[in-house]
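Read the structure below first, then the notes.
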Amino acid sequence: MGRLKELRKIVDQELLTVADTDTRKGAYVHLYGVSLSATLIAEKRGENSELAAMAAMLHDLYAYKSGSYEDHANKGAELASAILKNLGLTTDAETEAICTAIRRHDDKDRIDGALDEVLKDADVMHHTMNDLSKAVKEKEAARYSALRQEFGLG
Ligand SMILES: [Fe+2]
Ligand SMILES: [Fe+2]
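The sequence shown lines up with residues 53 to 206 when you count with our numbering.
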């Protein structure tokens, strides 16, 4: 079984602890949605799509489990590190790359490393393109517009 599939099994199990069914559904939709977006963006940019998809599966897990977005990027990186170390399928460098991307994913107004940027843009892609009838939030407008350009959507 591939590493992404193994990780998804763990994430699926972790989300079963989310009691509220709407929150749990939203968590699956968002984590799997960002994971697909991350694969697409990473492939487009020649980055590692497997690591990008794995980071995406974990990026908001802490927030969904705890019910709080307070410092969720840093706390999410710690949770991701514990899960990945326990899973034992990633090298130390891969674990660090995934956790760094998660730690930085909320800093959307800053440009970071290539994998970090894939995760940030994948997050924005899912927020903005999951339902095109919804208005794009001001803070995501610049990244949304750049993504449309990048994918030839005008
Ligand atoms: Fe987040
Ligand atoms: Fe997110």
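From the three backbone atoms N, C-alpha and C, an ideal C-beta is built for every residue, glycine too. Quantities reported herein were computed from a predicted structural model and do not represent experimental measurements.
Check: residue i C-beta below 8 Å from any heavy atom of ligand 2
i: D159; result: no
Residues near residue i in its chain [Cβ-Cβ closer than 6 Å; skip 5 each side]
i: A174; result: V86, S89, A90, I93, A108
i: D183; result: none
i: M177; result: S89, L199
Test item: CB-CB of residue i and residue j under 9 Å
i: L67; j: L113; result: yes
i: L110; j: G128; result: yes
i: L83; j: A149; result: no
i: G165; j: T180; result: no
i: E58; j: L171; result: no
i: A115; j: H124; result: yes
i: K77; j: F203; result: no
Cβ-heavy atom distance, residue i to ligand 1, below 8 Å
i: G128; result: yes
i: Y80; result: no
i: H178; result: no
i: A125; result: yes
i: Y121; result: yes
i: A105; result: no
i: A115; result: yes
Proximal residues to residue i (C-beta, below 7 Å), its chain only, five neighbours per side dropped
i: T69; result: K117
i: E169; result: I163
i: Y196; result: V176, T180, V188
i: G206; result: R200
i: T147; result: S133, L136, K137
i: L56; result: E102, A105, M106
i: I62; result: I135, L139
Beta-carbon contacts of residue i that lie in its chain and below 8 Å, excluding the five residues immediately before and after
i: K191; result: K160, D161
i: N126; result: R155
i: D158; result: H124, A125
Residue-chain proximity (residue i, chain B), Cβ-Cβ < 9 Å
i: D173; result: Note that chain B does not occur in the displayed structure, where there is just one protein chain.
Considering only residues of the segment 99-149, which uninterrupted alpha helix (DSSP H) runs meet the minimum length of 4 residues and lie entirely inside it, listed in chain order? 101-110, 113-118, 124-139
Ligand 2 site residues, beta-carbon cut 5 Å against heavy atoms: D112, D175
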